[in-house]
Structures are given as structure tokens and as C-alpha cells.
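S.K.: Be aware that the sequence shown starts at 323, since it is given in the numbering used here, and climbs by one per residue. C-beta: ideal position from N, C-alpha, C; glycine also.
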Amino acid sequence: MNTDQLFLGIDIGGSSIKYGVGNRKQGLQSFQSLPVTQKDLSGLEGLIVQIISEMQISSVWNGIKAIGIGTPGLIDRKTGQLVGINPNLPFWIDIRPESIVPPDLSIPVFSDNDANLMALAESTQYPLDACVLGITIGSGIGSGYVVASRIYHGSNGFAMELGHVCVAPGGALCNCGRQGCLEAYAAEKGMRNRLQERGKDLSRIQLAELLSLAKTDTVVQDVVDTGISYMALAVGNAIMLLDPDVVVFGGGGSEIADYPLKELIKMIRSYLPEPVNHRIKLEKAHMGNKSGVLGAILHAESLFADTWER
Ligand SMILES: [Zn+2]
323 MNTDQLFLGI DIGGSSIKYG VGNRKQGLQS FQSLPVTQKD LSGLEGLIVQ
373 IISEMQISSV WNGIKAIGIG TPGLIDRKTG QLVGINPNLP FWIDIRPESI
423 VPPDLSIPVF SDNDANLMAL AESTQYPLDA CVLGITIGSG IGSGYVVASR
473 IYHGSNGFAM ELGHVCVAPG GALCNCGRQG CLEAYAAEKG MRNRLQERGK
523 DLSRIQLAEL LSLAKTDTVV QDVVDTGISY MALAVGNAIM LLDPDVVVFG
573 GGGSEIADYP LKELIKMIRS YLPEPVNHRI KLEKAHMGNK SGVLGAILHA
623 ESLFADTWER
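(1) Residue range of the beta strand (DSSP E) that residue 342 falls in?
(2) Can you give me the C-alpha to C-alpha distance between residue 653 and residue 494, rounded to a whole angstrom?
(3) Can the beta-carbon of residue 489 be found closer than 8 Å to that of residue 424?
(4) On the DSSP bridge list, what partners appear for residue 433?
(5) If residue 499 sits next to residue 505, beta carbons under 8 Å apart, how far is it from one beta carbon to the other, in whole angstroms?
(6) Can you tell me which residues fall inside 6 Å of ligand 1, judged by beta-carbon distance to its nearest heavy atom, and keep chain order?
(7) Do you know whose CA, among 486, 443, 429, 601, lies nearest residue 408's CA?
(8) Have a look at residue 514 and residue 525 and give me their C-alpha separation to the nearest angstrom.
(9) Could you tell me how far apart the beta carbons of residue 608 and residue 390 are, in whole angstroms, since I believe they sit closer than 8 Å?
(10) What are the start and end residues of the alpha helix (DSSP H) that includes residue 588?
(11) Might you give, ordered along the chain, the residues of its own chain that have their beta carbon closer than 7 Å to the beta carbon of residue 634, omitting 5 neighbours on each side?
(12) Along the chain, where does the beta strand (DSSP E) containing residue 332 start, and where does it finish?
(13) Considering just the uninterrupted stretch of the beta strand (DSSP E) at residue 543, what are its terminal residues?
(14) Please report the straight-line C-alpha distance between residue 440 and residue 331, rounded to a whole angstrom.
(15) Could you give the first and the last residue of the continuous alpha helix (DSSP H) run that contains residue 360?
(16) Do residue 466 and residue 497 have their CB atoms nearer than 8 Å?
(17) Quick check: the Cα distance between residue 476 and residue 470, rounded to an integer number of angstroms?
(18) Can residue 457 and residue 571 be called in contact, C-beta distance under 8 Å?
(19) Are the Cβ atoms of residue 442 and residue 617 separated by less than 8 Å?
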């Protein structure tokens, strides 16, 4: 690869769009964030135009060969469209994520699920042939699996939806419309809903405050403990199925000082047989909130090389 080639990575989230420029060899060269204030399609399009205009003014644009977009939600790899329900961006559905970039720019655009891209970015911390399971903890629970620097998508692109594996048959209603999903217990919104059921209206507080409150409030502690125990069960099962070299925990939740990551890891290990326990690494993500942007850059670079430089 020509090391002068740059790629623009855009990580679309429910509350902000993060973006930056870089490539595999040089890493992330810049990183910025814009709040999503207008929560509709034209609001999102406006932010993308703003980001690209910034790049064009600073002349960075001239070196950019392709754009990578990370997005929450399921991307059907047969149609390229976001499908199902996208709880944090309800309008962002039945659409190709690439179409958010104005077509008159004539630049290749590639998209993937944000947790897949987090796992891809984190995989750069390990040997090239490593099997890396990345898990994001925040308003939802996401996961991605990277084998030898390639994202595992499954048949349709729907693989690795750890947040929506059933951990409690007939249990709490999830925002996907089904019952008993991990996300309904272990993610920020799920925990708040479980507290609401127990008479605690904490609808305005963030995960950091909720986890802090768990130290003094036994009901909150119980809800958090339940979420962590379901998380351990789901991750333990995923490890037994996938046999990864490493599991990395990222997303905003894992960055919170009170997030009980040590307890979670200990519980996961209690589900694993000795040979697996002996080999596997379970650790906090290395790149924090920048991993989605770097993953989008790496994804664009890889597909650009496959498609345009073969
Ligand atoms: Zn669900």
C-alpha cells in the first residue's frame, strides 16, 4: 500500500458522530466528534457534508482514497441496507449507509456494523492471525468477531448479535421486540427499564451514575449484578463457540471507573473449562472511543485495496 493514501473513518452513533483520518500503517492521524442534535436523516446528512467540507478546506481531502462508515444496526449484506429496528437512530433504517455520502463526490464508500469495526480496530493490537472477539457495552450491547484481520459476518451479515441472544426465556422485553435478550438486562437502557419495573424511576441518569448508585442502593446493585451475570453467561457461551485468542471489552460502559469489569471477567472464567481458561485473554479495549473510527478507516482501506487495486 502507498502510505500516502489516507482514509476517512466515520463512526455514526445515537448521540454523536466521531470521525478521523488515517491508515493501517500510520494509525489514526486525527480524531474529532460532532453532536447529533437533529435526529433525522437530513440532520445526519448535514453532519456528513460538514465533515467532508472541513476536510476539503484543509486540503486533507486530496489524499483521501475512500470513506469507511461504522453504524449501529444490522446491515443485510445481500441488499446492503440497514434492516430491523435501530433503537438509537429509529429513522436510520431501510437505507444503504453508504448513501449518506453525497454521490457527486465520486469516492468509494464502505460501511459495516460499529461493533464489527471496533473489533477490527482492536485486532491490530494482536498478531495478524489472531481471533479477536470485541464486545461493546453502552446504551446497547454489540459484538464483532475478527479472524486474521477479517470480520466474520455470517451468511447475511447478521452474525455476532450478542446483545440479542436470549439469556432469560420469556424474560424482559427488549427494544428489538423480543423477550429475554442480553441487552434488556446488561445495557444502560435495559438496566434503567429493569429498575423502572422495581419502582425506581432513573430514566434521566446515565450509566456512570447508575453504576455509582449501585454501591449504596441494594435494588440498583441487584439490577447491575443481574446484568453482569447474564453478560458473563453470554460471553462465556460465545467463547465456547468461537474459541477466540482474546476478548476485548469496549464501548462507553467499559470506560466507566465503576463498571465491574474485573468481576465480569472472573465470572466469565468460572464458566470456562481449564484448557480454554489457560489460553484465553480477557481484557479492556485499548483504543477507547476511537476504535470505531480506526475500524472504519481499516475497513475502507482493506476493501479499497481489494476492489480498486487488484
Ligand atoms: Zn433484543
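M.R.: So, from the listed chains and residues:
(1) In the sequence shown, residue 342 corresponds to position 20, counting from 1. Residues 338–345.
(2) Outside the modelled stretch of the chain, which goes from 323 to 632, sits residue 653, for which no answer is possible.
(3) As a working mapping, residue 489 is identified with position 167 in the sequence shown. As a working mapping, residue 424 is identified with position 102 in the sequence shown. Contact flag unset, no.
(4) Taking the sequence shown and counting its residues from 1, one reaches residue 433 at position 111. In the DSSP output, where bridge partners are listed per residue, residue 433 has 391.
(5) Counted from its first residue, the sequence shown places residue 499 at position 177. Counted from its first residue, the sequence shown places residue 505 at position 183. Not confirmed; about 12 Å, so no contact.
(6) 486, 496, 498, 500, 503, 505
(7) Mapped onto the sequence shown, residue 408 falls at position 86. Residue 408 has its Cα closest to that of 486, out of 486, 443, 429, 601.
(8) As a first step, residue 514 must be located in the sequence shown, where it is residue number 192. As a first step, residue 525 must be located in the sequence shown, where it is residue number 203. About 6 Å.
(9) Reading the sequence shown from its first residue, position 286 is the one you call residue 608. Reading the sequence shown from its first residue, position 68 is the one you call residue 390. In fact, because the Cβ distance is near 19 Å, the residues do not count as touching under 8 Å.
(10) As a first step, residue 588 is located in the sequence shown; it is residue number 266 there, counting from the start. Residues 583–592.
(11) Since the first residue of the chain shown is 323 and the last is 632, residue 634 is not available in this structure.
(12) On the sequence shown, position 10 is the one that residue 332 refers to. Unbroken beta strand (DSSP E) run through residue 332: 328–334.
(13) The residue labelled residue 543 in the question sits at position 221 within the sequence shown. Counting along the chain, residue 543 falls outside any beta strand (DSSP E), though it belongs to the alpha helix (DSSP H) covering 540–564.
(14) The residue given as residue 440 occupies position 118 in the sequence shown. The residue given as residue 331 occupies position 9 in the sequence shown. Between residue 440 and residue 331, the C-alpha separation is close to 12 Å.
(15) As a position in the sequence shown, residue 360 is number 38, starting the count at 1. Taken as a continuous stretch (DSSP letters only), residue 360 belongs to no alpha helix (DSSP H), as it is neither H nor E.
(16) Translated into positions along the sequence shown, residue 466 becomes position 144. Translated into positions along the sequence shown, residue 497 becomes position 175. No, Cβ-Cβ distance for residue 466 and residue 497 is not below 8 Å.
(17) Here the question's residue 476 lines up with position 154 in the sequence shown. Here the question's residue 470 lines up with position 148 in the sequence shown. Cα to Cα, the separation comes out at about 16 Å.
(18) Translated into the one-based positions of the sequence shown, residue 457 becomes position 135. Translated into the one-based positions of the sequence shown, residue 571 becomes position 249. Cβ atoms of residue 457 and residue 571: closer than 8 Å.
(19) Position 120 of the sequence shown, counted from the first residue, corresponds to residue 442. Position 295 of the sequence shown, counted from the first residue, corresponds to residue 617. Yes. Within cutoff.
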